[in-house]
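K.L.:
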Amino acid sequence: MELTTGVDRAREPGGKQFPSLYVEPEKAAEEIDWPALEFNDVFKIYESGSARTVALRGLDLRVEPAELVAVVGPSGSGKSTLLALAAALDRPSAGDVTVNGRSLAHLDEAGLASHRSRSVAIVFQSDNLWPELSARENVATALRLAGRPHPERTAEETLGAFGLSERTHLRPGSLSGGEQQRVAIAAAAARRAPLVLADEPTGELDEKNEGIVLRSLADLRDRFESTIVVVTHSDRVAAACDRVIELHDGKVATGKDAP
Ligand code: ADP
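Quick note on numbering: the sequence shown equals residues 7 to 265 in the working numbering.
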């Protein structure tokens with residue numbers, strides 16, 4: 007399934023009329039007792055002409071705050087659809103998706119845009135960064151578009167927290183694939199997005215660069231207390247997560263703790 011590009015996402019209006027959906031991450035782990043993300047009996051049916059595809063058929067799942075969860079499953083099992091619904095890029099046909107205890111079903115288009123802008127960050131397989139901007143300007147621009155204060159300073163500090171102080175002036179083309187993904191993950195951290203959705207973030211990387219991304223995701227969870235859902239085909243990524251959710255034919259097949 008085709009999701010929007012980083013540039014499109016960042017241009018979404020950052021409406022402020024639904025602030026209650028946004029929970030500061032530092033509060034999220036301590037004060038709330040609701041799940042960071044929950045799907046309750048969710049169905050998604052795509053219809054075009056006479057064709058009808060049931061992508062999700064009664065999906066139930068619950069992800070706790072500051073949990074790093076892998077979603078695995080064969081092609082067509084509904085992984086991208088799950089991400090799209092969690093990101094509020096699409097609505098379920100039936101059932102309920104909640105983020106930080108709030109149902110997305112009650113939000114109008116402006117509310118969904120606010121959710122996307124304030125509560126969610128998406129990291130794609132590649133091309134998460136503007137190629138003509140330095141790492142610092144990439145993060146600062148994402149912050150500016152999200153209406154966050156002190157974008158330059160926050161970008162510098164966050165890239166430093168991810169061990170990229172020496173790389174902030176470089177454009178993506180001068181960074182390794184793993185470093186580019188680390189900058190994208192740092193941008194999610196800088197935005198203080200409570201829920202980070204990663205779609206095959208190591209899909210185009212070798213082992214070394216995959217290791218960089220794995221450390222970045224762990225840093226994001228441990229230092230910024232983000233809740234992270236990673237769709238992956240990589241056994242190594244799945245094994246590094248707190249828990250693995252396996253989809254099969256639009257439902258959870260098994261939920262097992264990673265070794
Ligand atoms: P995965 O990410 O696990 O490969 P998807 O969520 O992309 O699975 O797709 C689940 C099912 O829904 C597949 O049969 C796919 O062909 C179908 N599907 C996904 N997006 C659309 C769409 N926009 N229109 C019609 N069918 C779709």
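For each residue, glycine too, the CB sits at the ideal point set by N, CA and C.
Buried or exposed for C247, going by 16 or more other Cβ atoms inside 10 Å?
P.N.:
Taking the sequence shown and counting its residues from 1, one reaches residue 247 at position 241. It counts as buried.
K.L.:
Which residue marks the beginning of the alpha helix (DSSP H) containing A100, and which one marks its end?
P.N.:
Walking along the sequence shown from the start, residue 100 turns up at place 94. Note, A100: premise wrong, no alpha helix (DSSP H); beta strand (DSSP E) at A100 to V105.
K.L.:
Would you call T233 buried or exposed, if buried means 16 or more other Cβ atoms sit within 10 Å of its Cβ?
P.N.:
If you number the sequence shown from 1, residue 233 lands on position 227. T233 is buried by the Cβ-count criterion.
K.L.:
Please determine whether the Cβ atom of A61 lies at a distance below 6 Å from any heavy atom of ligand 1.
P.N.:
Along the sequence shown, read from residue 1 onward, the residue named residue 61 stands at position 55. Under cutoff, so the answer is yes.
K.L.:
Please return the same chain residues whose Cβ sits closer than 8 Å to the Cβ of R197, not counting the five positions on each side in sequence.
P.N.:
Here residue 197 is taken as the residue at index 191 of the sequence shown, counted from 1. Within the same chain, R197 has close Cβ partners A127, A148, L149, A152 and R154.
K.L.:
Give the DSSP-derived three-state secondary structure of T201 in the structure shown.
P.N.:
The residue given as residue 201 occupies position 195 in the sequence shown. The amino acid at residue 201 is misidentified as Thr; the sequence shows Leu. Strand, per DSSP.
K.L.:
When you compare only the Cα positions, how much space is there between A141 and P178?
P.N.:
The sequence position of residue 141 within the sequence shown is 135, counting from 1. The sequence position of residue 178 within the sequence shown is 172, counting from 1. In a straight line, the C-alpha of A141 is about 7 Å away from that of P178.
K.L.:
Is it right to say D205 is buried, meaning 16 or more other beta carbons lie within 10 angstroms of its own, or is it exposed?
P.N.:
Your numbering for residue 205 matches position 199 in the sequence shown. Buried: at least 16 other Cβ atoms inside 10 Å.
K.L.:
Got a sec? Which residues, its chain only, sit under 6 Å from T104 by beta carbon, not counting five neighbours each side?
P.N.:
Here residue 104 refers to the residue found at position 98 of the sequence shown. For T104, where only same-chain residues beyond five positions count, the Cβ hits under 6 Å are E44.
K.L.:
Are the segment 240–258 and the segment 156–165 touching by the rule of at least three beta carbon pairs closer than 8 Å?
P.N.:
At 8 Å Cβ cutoff, the stretches do not touch.
K.L.:
CB-CB under 7 Å to A192, same chain, minus the five flanking residues each way: which ones, in chain order?
P.N.:
Looking up residue 192 in the sequence shown gives position 186. The answer, listed in chain order, is V145, T164, L165, F168 and L170.
K.L.:
Using a threshold of 7 Å, state whether the C-beta atoms of G84 and G217 are closer than that.
P.N.:
Working through the sequence shown from its first residue, we reach residue 84 at position 78. Working through the sequence shown from its first residue, we reach residue 217 at position 211. No, these two residues do not count as a Cβ contact at 7 Å.
K.L.:
Report all residues from its chain with a CB closer than 6 Å to the CB of G107; omit the five preceding and five following residues, and keep chain order.
P.N.:
What you label residue 107 is simply residue 101 of the sequence shown in a count that begins at 1. Excluding positions up to five away in sequence, the list reads W40.
K.L.:
Span of the alpha helix (DSSP H) holding N134?
P.N.:
Sequence index remark: in the sequence shown, residue 134 carries index 128 (1-based). Taken as a continuous stretch (DSSP letters only), N134 belongs to no alpha helix (DSSP H), as it is neither H nor E.
K.L.:
Say whether the segment 81–96 touches the segment 46–54, bearing in mind that this needs 3 or more beta-carbon pairs closer than 8 Å, one atom from each stretch.
P.N.:
Taking 8 Å as the limit for Cβ pairs, the verdict is that the segment 46–54 does touch the segment 81–96.
K.L.:
I need the boundaries of the alpha helix (DSSP H) containing H121, first residue and last residue.
P.N.:
In the sequence shown, the residue the question calls residue 121 occupies position 115. Per DSSP, H121 belongs to the alpha helix (DSSP H) from E115 to R124.
K.L.:
Who are the Cβ neighbours of L176 in its own chain at under 7 Å, not counting the five residues just before and after it?
P.N.:
Here residue 176 is taken as the residue at index 170 of the sequence shown, counted from 1. Closer than 7 Å at Cβ, skipping near neighbours: S140 and A141.
K.L.:
Closest by CA to V77, which one among E213, L113 and T238?
P.N.:
Against the sequence shown, residue 77 aligns to sequence position 71. Nearest option by C-alpha distance: T238.
K.L.:
If we require 4 or more residues per run, which alpha helix (DSSP H) segments fall completely within the segment 188–234?
P.N.:
Counting whole runs of 4 or more residues, the segment 188–234 contains the alpha helix (DSSP H) stretches 213–230.
K.L.:
Let's test the definition: count the other Cβ atoms within 10 Å of the Cβ of A72 and tell me whether it reaches 16, buried, or not, exposed.
P.N.:
Start at 1 with the first residue of the sequence shown, and residue 72 comes out as number 66. Looking at its Cβ environment, which holds 16 or more other Cβ atoms inside 10 Å, A72 is buried.
K.L.:
Mapping the DSSP letters down to three states, classify T59 as helix, strand or coil.
P.N.:
As a position in the sequence shown, residue 59 is number 53, starting the count at 1. In this structure, T59 counts as strand in the three-state DSSP scheme.
K.L.:
Does the beta-carbon of G79 have 16 or more other beta-carbons within 10 angstroms, so that it is buried, or is it exposed?
P.N.:
The residue labelled residue 79 in the question sits at position 73 within the sequence shown. G79 is buried by the Cβ-count criterion.
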